[in-house]
Amino acid sequence: MHNEVTSATFNPYHMAVQQFELAAEKLGLSEDMREILRKPKRELIVNFPVRLDSGRIHTFTGYRVQHNVNRGPAKGGIRYGPDVTLDEVKALAMWMTWKCAVVGIPFGGAKGGVLCDPKKMTSAELERMTRRYATEISIVIGPHSDIPAPDVNTNPQVMAWMMDTFSMHEGFSIPAVVTGKPLSIGGSEGRNDATARGVLFVTRQAAKRIGMPLRGARVSIQGYGNAGGIAARLFHNEGCRIVAVSDTRGAIYNESGLDPASVLRHKQETGTVMGFPRAHPLRVSDVLEVPCDILIPAAVEGVITAANAERVQARIIAEAANGPTTPEADKILFERDHLVIPDILANAGGVTVSYFEWVQDLQSFFWGVEEITRKLEVIMNRAFDAVAELADKYHCELRLAANMLAISRVAEATQIRGIYP
Ligand code: NAD
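According to the numbering used here, the sequence shown is numbered sequentially starting from 1172.
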């Protein structure tokens, strides 16, 4: 195991554009169409004051970016964090456009974020910041224009505050303005698990493709939040052995398998997976390099790079996180015969059940969890098959195939709608 990967020069938007260009080239997309698709349609920056519990006022910076809305309203999560940048939000918005297209749901792509340190804020401060941010971006969001959802460091409670704020301004409840809400105010059954469940569905397909049994497979997971923590539980229930998990503080390893429920309890009690009994501590980056069959990056962008890709041991890399693998690392992994299930496919279960939530809110008619899981599985499997078929046809990696499929769908919609005026 080696030193931590630095990401000093890493720019997610440059990476997203680079991935786009590769697919556009392979598709033979016209330069006019490339020019339309490589830039976000709309970028909103807001600076807004919030009163802290101390009585002092802090001015926060927030973003909302809509990349493309030709296939439907913009859709994408809201991220809180001390490293949020406009370029990161632009990249994530572009990936959302491709993600919705690859699974064939009628949304365009968006993303939002607020530069803040949520771990150092009280719940009351987070609520005031959320309500003011929701107000600031209310000029571009709405149930038919742009629908936010949770992402890193935001959760159903944050979505509830956003929905309530937007509804207060309108004078009546508008649940369909955000997804990932608590069930009691129009959330959907199955939304909490959806991202991880989608990762499981496509990993099953990928394992079948290479003839690898899931039962007994060793799994390593970076990040133990909504995506990673729930993936640990679902893969464990599937008969996999969770050998390593990590969070911002470090990683833990046990060759004979960790019990995800006990790890979660430990994290809830202590704030970290570190210090979990019956496990060896490792450094954060080691979780990517431990001996395992399936690696699930479920934290942040740019963690698998040219500097560490050769040390990745997993046969399948299922990208629960957005943008965890750089294009240089992609090349190395493809040459070394690792199967990477790209983010826009692997983690699309979240936005798919968000789409179900939005549909249920609009029709005020709610479905049971079995129906949701069944519909999600159909969509994920269909998307995986379409991507795999294209990868076989072009003898390319799944990421390029997924991007080609998605970009061709968005380009077709853009072409057929025509240029206004
Ligand atoms: P979360 O806030 O619930 O959890 C994030 C986890 O990652 C935490 O355990 C945190 O400690 C860990 N983490 C953060 N920075 C890290 C770092 N530098 N190294 C190691 N661990 C780190 O967030 P989430 O919703 O689980 O999102 C995780 C990833 O999955 C993000 O890339 C997000 O965009 C993507 N994703 C989430 C959803 C969803 O529905 N929540 C859907 C699609 C994609």
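Ideal Cβ placement from N, Cα and C applies to all residues, glycine included.
So, using beta-carbon positions, are His1543 and Ser1359 closer together than 8 angstroms? The sequence shown places Ile at residue 1543, not His. Yes.
C-beta contact flag for Cys1271 and Gly1284 at 8 angstroms: no
Rounded Cβ spacing between Ala1554 and Ala1517 (contact assumed at less than 8 angstroms): No, Ala1554 and Ala1517 are not in contact; Cβ-Cβ is about 10 angstroms, not under 8 angstroms.
Return yes when at least one heavy atom of ligand 1 lies under 7 angstroms from the C-beta of Ala1469, else no. yes
Throw me the rounded Cβ distance for the Pro1431 and Arg1404 pair, which I believe falls under 8 angstroms. 5 angstroms
For chain B, check one thing: does any of its Cβ atoms lie closer than 8 angstroms to the Cβ of Val1474? Within the model displayed, chain B is absent; a lone protein chain is all it includes.
As assigned by DSSP and simplified to three states, the class of Val1217: strand
Is Ser1131 near ligand 1, going by C-beta to nearest heavy atom under 7 angstroms? This structure does not reach residue 1131, given that the chain is present from 1172 up to 1592, and the question cannot be answered.
For Thr1374, the first and last residue of its enclosing alpha helix (DSSP H): 1362-1381
At a cut-off of 7 angstroms, would you count Ser1391 as near ligand 1, judging by its Cβ distance to the nearest heavy atom? no
Using CA atoms only, rank isn't needed, just tell me which of Leu1547, Val1188, His1229 is closest to Met1292. His1229
With a threshold of 16 other CB atoms inside 10 Å of the CB of Tyr1184, please say whether the residue is buried or exposed. buried
Please check the pair Arg1368 and Ser1525, which I expect to be a contact at CB under 8 angstroms, by giving their CB distance rounded to whole angstroms. No, Arg1368 and Ser1525 are not in contact; Cβ-Cβ is about 13 angstroms, not under 8 angstroms.
One or two residues paired with Ile1413 in a DSSP bridge: Val1390
Of the choices Ala1584, Thr1585, Glu1583, Glu1560, whose alpha-carbon is the least far from that of Ala1573? Glu1560
Under 8 angstroms between C-beta atoms of Val1370 and Ser1391: no
Taking the straight line between their C-alpha atoms, what separation do you get for Ile1465 and His1340? 47 angstroms
Please determine whether the Cβ atom of Tyr1395 lies at a distance below 7 angstroms from any heavy atom of ligand 1. yes
How is Asp1599 classed by DSSP in three states: helix, strand or coil? The shown model of the chain, from 1172 to 1592, leaves out residue 1599, and the question about it has no answer.
For Glu1528 and Phe1536, the rounded distance between their alpha carbons: 10 angstroms
According to DSSP, is His1451 helix, strand or coil? strand
Residues near Val1240 by beta carbon distance below 6 angstroms, same chain, minus five either side: Gly1279
With DSSP as the reference, please indicate the residues paired to Asp1418 in a beta bridge. Gly1421
In terms of residues, what are the limits of the alpha helix (DSSP H) holding Gln1531? 1520-1534
In its own chain, which residues sit with a C-beta less than 8 angstroms from the C-beta of Glu1481, not counting the 5 before and 5 after it? Ile1503, Arg1507
C-alpha gap between Asp1556 and Ile1488, whole angstroms: 17 angstroms
How far does the alpha helix (DSSP H) with Pro1302 in it reach, from first residue to last? It should be noted that the sequence gives Arg, not Pro, for residue 1302. Start and end: 1294-1308.
What is the residue span of the beta strand (DSSP E) that Leu1286 lies within? 1279-1286
Reducing DSSP to helix, strand and coil, say where Ile1590 ends up. coil
Sorted by chain position, which residues of the same chain lie with C-beta nearer than 8 angstroms to Leu1576's C-beta, five sequence neighbours on each side aside? Ala1272, Val1273, Ala1557, Val1558, Leu1561
Counting along the chain, where does the alpha helix (DSSP H) carrying Ile1550 start and finish? 1540-1565
Is His1407 helix, strand or coil by DSSP? helix
Determine the direct distance from the alpha carbon of Cys1411 to that of Val1217, and round the result to whole angstroms. 45 angstroms
So is Ala1295 buried or exposed if we call it buried at 16+ other beta carbons inside 10 Å? exposed
Mark Glu1568 as exposed unless 16 or more other C-beta atoms lie within 10 angstroms of its C-beta, in which case mark it buried. buried
I'd like to confirm something about Ala1450: is its beta-carbon nearer than 7 angstroms to some heavy atom of ligand 1, or not? no
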